[in-house]
Amino acid sequence: MTVLKGSLRNRFLLSLCAVLCLALLALVAIARFQIMPILLEDEEAFASAELDRIERALGAELNHMRRLVEDWAHWDDTYDFVQGLRPQYVDSNLYESTLETLDLELMVFLDASNEPYWVAGYDEHGEFVSCPGVMPPCDWANASIAFLSRHVAQGLEDATYTWLLAAPGLAMVGLSPIHQSHQETPAAGWLAMVRPLSEPWIEQLRDTTGIELELNPVPAQADLALVLERISPTYMTASRLVPALPSSHALRIDAALPRQRYQASLETFRFALYWTSGVLIATLLIVLWLLERMVLLPLRQLATFTQRLHREAVPPAMPEPLLARHDEIGTLSREFRNLLDHQRQQSDLLRELTLHDPLTGVANRRLFDQRLTELLHHSGTHQCHAAMMIDIDHFKLYNDHYGHQAGDACLITLAQHMEAQLKPLGFLVARTGGEEFSVLLPNTSEDEALRLARELLEAIEALGLDHATSPTSRNVTVSIGIATQQANTVEPGDIMRAADQALYQAKANGRNRAATYQAFDPTTVFDS
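The sequence shown begins at 1 in this note's numbering and counts up one residue at a time.
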């Protein structure tokens with residue numbers, strides 16, 4: 001008994017030590033492969049958000065430029081001026097302090113023939129000049145006027161335009177047709193304003209955003225994504241390209257950003273890691289003591305009893321202390337078989353509950369993911385499978401208008417209808433979100449899946465479930481995204497992400513429709 005007692009306790013202690021070591025290794029692995037990537041990803045999101053703030057600030061400045069050029073271009077005096085009806089306009093408005101107040105480098109008035117009518121601005125020596133057309137001393141503006149004339153000659157619509165210029169120098173340009181205010185008249189010409197992005201202006205942008213930034217012209221590149229460089233534990237730089245004119249150039253935003261957020265999160269995690277390790281060790285010691293008192297002692301008594309059964313000729317009686325126990329050890333021999341039967345029944349019931357949605361009765365996400373994984377991993381190379389992602393259009397509006405009980409009834413009706421239509425064909429319908437359903441279509445091509453989706457759309461709308469607040473239809477409708485197993489989407493997560501993107505495309509195209517997954521070639525369009 002002494003040998004058994006020492007052996008059991010020592011082995012359990014060694015096991016606990018091994019568990020403790022594995023737990024500590026797991027914590028280190030989680031820190032290295034789970035937490036650190038999350039912190040770095042959060043840092044990238046922070047850098048991207050800061051660059052977004054800079055872009056929004058640039059957008060606000062462009063909007064200000066838009067309003068400024070529109071105010072001047074839609075002024076009756078300007079309209080009369082470019083038609084030669086108000087010669088005093090120059091002396092009244094186009095003087096040096098005007099451009100200084102507006103922070104402009106150049107103002108160009110184009111007549112109805114898109115020819116320069118009047119030019120006012122600062123030449124290459126910083127001297128203010130104002131003259132008709134591009135005659136000396138205003139011939140320094142020929143390049144800018146040619147640039148503006150080319151854009152006007154391209155057939156611009158009757159609207160105001162703003163651009164960022166990366167060459168020959170950093171600037172913002174506003175261009176607006178000249179109209180009479182509050183009158184529908186043809187444009188009498190165009191007004192262009194050029195504001196240089198000078199160092200004082202950039203310094204003001206730094207003060208506005210609170211970010212140490214630089215704006216630099218660079219040759220145009222296809223990739224406009226974020227570039228992040230971690231210089232030190234407390235400092236990093238983030239860069240992003242934004243479109244600019246001419247098309248051969250782009251504007252690069254360079255921002256110097258602190259890493260306090262990352263360092264604070266890292267220190268917090270380390271502090272939590274140390275305390276978790278200490279609590280884990282203390283917990284294991286307490287568990288060991290409780291286990292000795294509550295489990296190991298009675299188990300040693302039971303083990304001694306079983307050894308005596310083999311050694312003694314007369315079977316000994318079960319120790320009275322074990323029979324008198326009212327816990328699991330005391331009832332083990334009496335209720336073991338009943339316990340196994342009961343556990344088997346409960347396991348079957350639990351398995352059924354965990355694989356189906358309790359509201360609609362259809363399969364849940366767990367069963368759907370399991371079937372999808374099995375299907376993709378056991379299918380042949382020439383088999384094609386499809387998946388649908390279905391979302392009820394404007395379901396929040398439905399809940400808000402009819403109430404959540406009616407919303408639940410709507411979910412039940414749609415789920416049962418979809419299952420009745422698709423389950424006989426061997427397809428699995430599952431509720432994978434609040435108002436989101438997914439359908440697994442084994443051995444189904446994209447064309448066949450699209451046909452089934454359109455039939456399902458018609459059948460659901462034909463149910464005639466009223467949806468008075470829907471912007472799409474007076475009845476409840478759904479949008480469907482379809483993806484098929486292809487060479488580059490062989491994992492369950494890939495095919496469902498493709499179906500989700502197709503669903504997004506269906507929603508973006510007006511809802512109440514089905515869309516198949518189309519590969520997306522990311523391009524950035526700069527909205528001026």
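Each residue gets a CB set at the ideal place from its N, CA and C atoms; glycine is no exception.
Near residue i, what residues of its chain come up, given a Cβ to Cβ distance below 8 angstroms and the 5 sequence neighbours on each side ignored?
i: G510; result: T472
i: L457; result: T477, V478, I480, N512, R513, A514
i: D366; result: Here residue 366 turns out to be Arg, not Asp, going by the sequence shown. Same-chain partners within the cutoff: T354, L355.
i: T373; result: P492
i: Q485; result: L376, S379, Q383, C384, H385, A386, I495
i: G133; result: E115, P116, Y117, W118, V119
i: Q346; result: none
i: W201; result: D103, R195
i: R53; result: T209, I211
Is the Cβ-Cβ distance between residue i and residue j less than 8 angstroms?
i: Y517; j: A483; result: yes
i: L197; j: L215; result: yes
i: L280; j: A453; result: no
i: L411; j: T469; result: no
i: E455; j: M389; result: no
i: Q417; j: A459; result: The sequence as given places His at residue 417; Gln does not occur at that position. It is a contact, given that the beta carbons lie within the stated cut-off.
i: R431; j: A406; result: no
i: A255; j: E127; result: no
i: V218; j: R240; result: no
i: S445; j: F368; result: no
i: L191; j: V90; result: no
i: A60; j: E105; result: no
i: A166; j: A250; result: yes
i: L425; j: S265; result: no
i: I178; j: T268; result: no
i: L428; j: R371; result: yes
i: A238; j: A47; result: yes
i: V152; j: C138; result: no
Would you mind sorting residue i into buried or exposed? The rule is 16 or more other CB atoms within 10 Å of its CB.
i: S176; result: buried
i: R344; result: For R344, the predicted structure reports a pLDDT of 49, less than 50, and the residue's modelled location is therefore unreliable. A value from the coordinates is still provided. By the neighbour-count rule (16 or more Cβ atoms within 10 Å), R344 is not buried but exposed.
i: D357; result: buried
i: E100; result: exposed
i: F109; result: buried
i: L25; result: exposed
i: C21; result: exposed
i: L13; result: exposed
i: H326; result: exposed
Excluding the 5 residues flanking residue i on each side, which residues of the same chain have their C-beta closer than 6 angstroms to its C-beta?
i: L340; result: Low confidence applies here, because L340 scores a pLDDT of 37, under 50, leaving its location unreliable and the question unanswered by this model.
i: R259; result: T234, M236
i: S15; result: none
i: S248; result: A220
i: K507; result: S479
For residue i, tell me which candidate among the options has the shortest Cα-Cα distance.
i: Y504; options: I480, I495, G493, D494; result: I480
i: L245; options: G189, D80, P168, H182; result: P168
i: S277; options: C17, R11, R240; result: C17
i: G403; options: Q346, H467, S239, E127; result: H467
i: T98; options: G121, K396, F81, I231; result: G121
i: P186; options: E267, H74, C131, A220; result: H74
i: S181; options: F147, D80, E203; result: D80
i: R474; options: R451, Y398, N443, A502; result: Y398
i: Q183; options: D76, A220, S232, L257; result: D76
i: V242; options: T304, A225, R230; result: A225
i: L302; options: L213, F46, P321, P136; result: P321
i: R270; options: R11, V19, V28, N10; result: V28
i: I30; options: E328, L273, I329; result: L273
i: A141; options: M107, L465, N364; result: M107
Considering only residues of the same chain and omitting the five flanking positions on each side of residue i, which have a CB-CB separation below 7 angstroms?
i: R530; result: The displayed coordinates of the chain run from 1 to 528. Any statement about residue 530 would go beyond what the structure contains.
i: Q83; result: A188
i: T2; result: At T2, the pLDDT of 42 sits below 50, so the modelled position is not reliable; the number obtained from the coordinates is stated separately. Cβ neighbours of T2 beyond the five flanking positions: none.
i: L263; result: Here residue 263 turns out to be Gln, not Leu, going by the sequence shown. For Q263, where only same-chain residues beyond five positions count, the Cβ hits under 7 angstroms are P233, T234.
i: H125; result: none
i: A487; result: Confidence at A487 is low in this model, with a pLDDT of 46, below 50, so its placement is unreliable and no value can be given for it.
i: D158; result: P177, A187
Between which two residues does the alpha helix (DSSP H) containing residue i stretch?
i: V551; result: The structure shown does not extend to residue 551, since the chain spans only 1 to 528, so no value can be given for it.
i: A387; result: Where A387 is concerned, there is no enclosing alpha helix (DSSP H), although the beta strand (DSSP E) it sits in stretches over 386-392.
i: I178; result: That residue, I178, is in no alpha helix (DSSP H); it is neither H nor E in DSSP.
i: P37; result: 36-73
i: F33; result: No alpha helix (DSSP H) contains F33, which DSSP labels as neither H nor E.
i: R240; result: No alpha helix (DSSP H) contains R240, which is instead part of the beta strand (DSSP E) from 235-243.
In terms of residues, what are the limits of the beta strand (DSSP E) holding residue i?
i: E214; result: 212-219
i: V478; result: 478-484
i: F109; result: 106-110
i: A120; result: 116-122
i: W140; result: From DSSP, W140 is part of no beta strand (DSSP E); its letter is neither H nor E.
i: A192; result: 190-196
i: V429; result: 428-431
Using a Cβ-based criterion (distance less than 7 angstroms to any ligand heavy atom), does residue i qualify as near the ligand ZN?
i: I211; result: As for the ligand ZN, it is missing from this structure, which has no ligand bound.
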